[in-house]
Every structure is written in C-alpha cells, then in structure tokens.
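Here is the structure we will look at, set down as structure tokens.
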Amino acid sequence: MAETMRAQRFHADTKTIAVEDVPIPEPGPGEVLVKVEFCGICHSDLSLIDGTFPALLPE
1 MAETMRAQRF
11 HADTKTIAVE
21 DVPIPEPGPG
31 EVLVKVEFCG
41 ICHSDLSLID
51 GTFPALLPE
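The sequence shown begins at 1 in the UniProt record's numbering and counts up by one.
So this is what it looks like as structure tokens:
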C-alpha cells in the first residue's frame, strides 16, 4: 500500500485550498481505514470558505 494519499485541504489562516500529498493515517484500536473513490463538496461549503455566506456563531 502507498504511504501517502492526495487530499484537498483548506488552510484557514490563508483561506486557501490546496491539493497535497499527506501521510495515510494509521487506524487505532476499534477504527477502520476507508478508501474513498469519489466525493464532492456542497456549494454552500464553498460560500462559507470564500465568505459570501458567513458562518453563524452561537449567541
């Protein structure tokens, strides 16, 4: 098995998204490692990232 995987990561400090090679995590006791073939992102997630739809804070 490969030692790294491709991951799209959001860096909150710079508000940037990057595709990076990261180490594959080792599952701990009672955990499993799942290989994801396909995934998507909701458009509202993109709006939260770029600030057009700000996240609401608890009152």
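The beta carbon of each residue, even a glycine, is placed where N, CA and C say it ideally should be. For clarity, every value in this text was computed on a predicted model and none was experimentally measured.
Asked: With Ile49 as the anchor, note down where its alpha helix (DSSP H) starts and where it stops.; Found: 43-50
Asked: For Lys15 versus Ile41, is the C-beta distance shorter than 8 angstroms?; Found: no
Asked: Within the same chain, show all residues whose beta-carbon is closer than 7 angstroms to that of Val22, passing over the 5 residues directly before and after it, in chain order.; Found: Thr4, Met5, Ala7
Asked: Beta carbon of Glu26, beta carbon of Arg9: below 8 angstroms?; Found: no
Asked: What are the boundary residues of the beta strand (DSSP E) that includes Val19?; Found: 16-23
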